[in-house]
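Enquirer: To get this note's numbering, take the position in the sequence shown, counting from 1, and add 164.
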Amino acid sequence: MNLLEEIEDLAIRTAQASSRKEKDRNTDIIKKRFCLKGENFYTLEEIGDYYDISRERVRQIEANTISNLRKVLSGAALQSGVAASDTVVLEYEGLKQELYEQDYILVENDVLRSIEERFCLNEDAVVLNVVPLVLELLGFFKLPNKINGYPGQILSCWCLSESFDRKSIENVLKALKKYRPRAEKIKIFDLIVKAKREQGEKIGKELLHLILKVCVGSRVIDYPLGE
C-alpha cells in the first residue's frame, strides 16, 4: 500500500479502538466524515440525525480519532495496540515537510496534483479521497467556498490553523466586498485601512496573502508592505 492507503487503514483501526461499545458507529462516522472506503461525505448534522446523537457528539468522536491518529503517525502506539510502521512514520513526516514548505495556504487542486506526482497516482484514483483527512491531521482547515457577506468566488483551499482563524478571514473578505463594483484596482494599503476602520480587524501579511491567492478575479495590487 502507498502512504494514503496506510493512513486510511490506520484511521479505520483507530476509530475501531476508540470505544469497544460503539466501535461500529464510530468507525462509520469516520468513514462518512472523510469519504473513506468508498463512502460519501456527510455533515455533522446528517450523521447526528442518523445516529440520534448531537452534532457536537459527532464532532467529538471525529476530533478524538484525529488526535489519536496523529499520535500513531508520530510513532506512538495506542493502548489498543494500533501503531504505524517506521516506514509509514518516515513517509508521513516527509509528506508533512513537503506540504508545510509549499505554503500555509494550500489550493486544493495544487495539493492533489502534488500528491498524485509523489505517489504516481492517476487523477481519478479513489485513494485521493484520503487527502482531506491528511490535511486535517497536519493542522489545516478548509476555507468555505462561500462566505456570508462576500459575493465573490473563492477557490477550494486549506489554511493552516495556527496562522488563520475563520472570523478574521470573513472580516477581511467583507471589507474587500466594497471594492468589487469598482473598475480600478485595489491597493493593499487602502484595503488595510478600509478593513481596520470598518471591521476593526487587525490584518497581517498572511491574511493579505490569502486574499491574493484564493479570491478569484480580485484586483488587489500586491506590493511590499513597507512601501
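Backbone N, C-alpha and C define an ideal beta-carbon position, used for all residues, glycine too. Please read all numbers here as calculations on a predicted model, not as lab measurements.
Let's test the definition: count the other Cβ atoms within 10 Å of the Cβ of residue 347 and tell me whether it reaches 16, buried, or not, exposed.
Expert: The residue given as residue 347 occupies position 183 in the sequence shown. Any reading at residue 347 is ruled out, since the residue's pLDDT is 40, under 50, leaving its predicted position unreliable.
Enquirer: Note down, in chain order, each residue of its chain lying with its Cβ closer than 6 Å to the Cβ of residue 206, except the 5 sequence neighbours on either side.
Expert: By one-based count along the sequence shown, residue 206 stands at place 42. Cβ within range, chain order: 196.
Enquirer: Contact criterion: CB-CB distance below 9 Å. Does residue 251 meet it with respect to chain C?
Expert: The displayed structure is made up of one protein chain only, and chain C is not part of it.
Enquirer: Going by DSSP, which residues form a beta bridge with residue 269?
Expert: The residue given as residue 269 occupies position 105 in the sequence shown. DSSP lists 323 as partners of residue 269.
Enquirer: Compare the beta carbon distance of residue 307 and residue 277 with 9 Å and say whether it is the shorter of the two.
Expert: Counted from its first residue, the sequence shown places residue 307 at position 143. Counted from its first residue, the sequence shown places residue 277 at position 113. Taking 9 Å as the Cβ cut-off, residue 307 and residue 277 do not qualify as a contacting pair.
Enquirer: How would you call residue 182, buried or exposed, if buried means at least 16 neighbouring beta carbons within 10 angstroms?
Expert: The residue labelled residue 182 in the question sits at position 18 within the sequence shown. Buried.
Enquirer: Helix, strand or coil: how does DSSP classify residue 168 here?
Expert: Here residue 168 is taken as the residue at index 4 of the sequence shown, counted from 1. DSSP places residue 168 in helix when its eight states are reduced to three.
Enquirer: Compare the Cα-Cα distances from residue 305 to each of 240, 280, 325 and 216 and report the closest residue.
Expert: Against the sequence shown, residue 305 aligns to sequence position 141. Nearest of 240, 280, 325 and 216 to residue 305, Cα basis: 325.
Enquirer: CA-CA distance, residue 238 and residue 301?
Expert: Here residue 238 is taken as the residue at index 74 of the sequence shown, counted from 1. Here residue 301 is taken as the residue at index 137 of the sequence shown, counted from 1. So the two alpha carbons sit approximately 11 Å from each other.
Enquirer: Taking the C-alpha atoms as reference points, what is the distance between residue 293 and residue 309?
Expert: Residue mapping note: residue 293 aligns to position 129 of the sequence shown, counting from 1. Residue mapping note: residue 309 aligns to position 145 of the sequence shown, counting from 1. Spanning the two alpha carbons is a distance of roughly 18 Å.
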